[in-house]
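Colleague: Structure provided below as structure tokens; questions to follow.
In full-length UniProt numbering, the protein residues as written are 1 to 219.
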């Protein structure tokens with residue numbers, strides 16, 4: 001892992017390196033994430049590594065096992081359940097958005113999409129930044145639909161956080177992600193609920209396949 005060059009906050013750099021190590025196959029589900037090892041590899045302080053690991057646990061990429069932090073474990077079966085829940089949540093959010101979103105909320109979703117586009121256009125996009133930008137897009141959508149986002153996302157990530165995070169990785173995947181979210185935004189801006197639900201479904205299916213592929217699994 002390269003040392004942190006100061007271009008990003010140290011915890012964010014640590015999170016990005018852990019995600020890239022998982023995507024490369026250097027770390028696997030169940031692999032330990034020792035603080036001292038990550039600190040040595042990234043030149044981050046132990047305190048920054050602990051902060052990064054706390055965030056990775058929060059988003060479901062890692063979990064605490066026997067007092068240690070390890071890469072989370074998942075698989076197609078868990079993803080099938082999570083995908084069903086995501087479909088229900090997203091359909092409710094989309095139909096509420098179409099009925100009640102203000103122009104200001106539509107514009108906010110457009111700005112969230114623009115941030116995904118900006119990060120994805122970088123020569124070697126930060127996985128950590130791409131995940132955050134993508135997640136913010138859906139936070140804006142869910143909030144405009146009147147849903148309590150924090151609890152919903154926490155429940156989903158407890159089952160599917162690793163795959164949801166790795167879904168942005170892989171050759172050509174950032175560009176695919178942009179096109180998928182553009183389709184969601186385009187349908188919502190046109191207040192076409194059926195098209196928006198279909199676009200969310202397409203994004204979710206592609207994300208599950210992409211995330212599981214990074215783990216060497218199939219849906």
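Beta carbons: idealized from backbone N, C-alpha and C, even for Gly. Quick caveat: nothing in here was measured; it's all calculated off a predicted structure.
For the alpha helix (DSSP H) that residue 139 lies in, which residues bound it at each end?
Modeller: It spans 127-144 - the alpha helix (DSSP H) in which residue 139 sits, taken as one unbroken run.
Colleague: Specify the secondary structure class of residue 173 as computed by DSSP and reduced to three states.
Modeller: Reduced to three states, the DSSP call for residue 173 is helix.
Colleague: If you reduce the DSSP assignment to three classes, tell me which class residue 94 lands in.
Modeller: Looking at residue 94 - three-state DSSP - the assignment turns out to be helix.
Colleague: Please classify residue 125 as buried or exposed, where buried requires at least 16 neighbouring CB atoms within 10 angstroms.
Modeller: Buried: at least 16 other Cβ atoms inside 10 Å.
Colleague: Could you tell me the boundaries of the alpha helix (DSSP H) in which residue 190 lies?
Modeller: Counting along the chain, residue 190 falls outside any alpha helix (DSSP H), and DSSP gives it neither H nor E.
Colleague: Starting from the Cα of residue 51, find the closest Cα among 10, 71, 177 and give me that residue.
Modeller: Nearest of 10, 71, 177 to residue 51, Cα basis: 10.
Colleague: Return the chain-ordered list of same chain residues with a C-beta closer than 8 Å to the C-beta of residue 173, the five sequence neighbours on each side being excluded.
Modeller: The residues are 167, 210.
Colleague: Does the beta-carbon of residue 194 have 16 or more other beta-carbons within 10 angstroms, so that it is buried, or is it exposed?
Modeller: Label assigned to residue 194: exposed.
Colleague: By the 10 Å Cβ neighbour count, where 16 or more other Cβ atoms means buried, how is residue 240 classified, buried or exposed?
Modeller: The question about residue 240 has no answer, for the chain in this structure spans 1 to 219.
Colleague: Three-state secondary structure (DSSP) at residue 15?
Modeller: In the structure shown, residue 15 sits in a helix (DSSP, three-state: H, G or I).
Colleague: By how many angstroms is the C-alpha of residue 41 removed from the C-alpha of residue 47?
Modeller: One C-alpha to the other measures close to 14 Å.
Colleague: When DSSP labels each residue in this structure, what does residue 64 get in the three-state scheme?
Modeller: It is a strand residue.
Colleague: Considering Cα atoms alone, identify which of 85, 28, 35 is closest to residue 71.
Modeller: The shortest C-alpha separation from residue 71 is found at 28.
Colleague: Say whether the region 81-89 touches the region 108-115, bearing in mind that this needs 3 or more beta-carbon pairs closer than 8 Å, one atom from each stretch.
Modeller: Touching, no, given that fewer than three Cβ pairs across the two stretches are closer than 8 Å.
Colleague: Inspect the CB distances between the region 97-104 and the region 173-193 and report whether three or more fall short of 8 Å.
Modeller: Cβ pair count under 8 Å is three or more, so yes.
Colleague: Hey, out of 197, 170, 69, 192, whose CA is closest to residue 207's CA?
Modeller: Out of 197, 170, 69, 192, 170 has the C-alpha closest to the C-alpha of residue 207.
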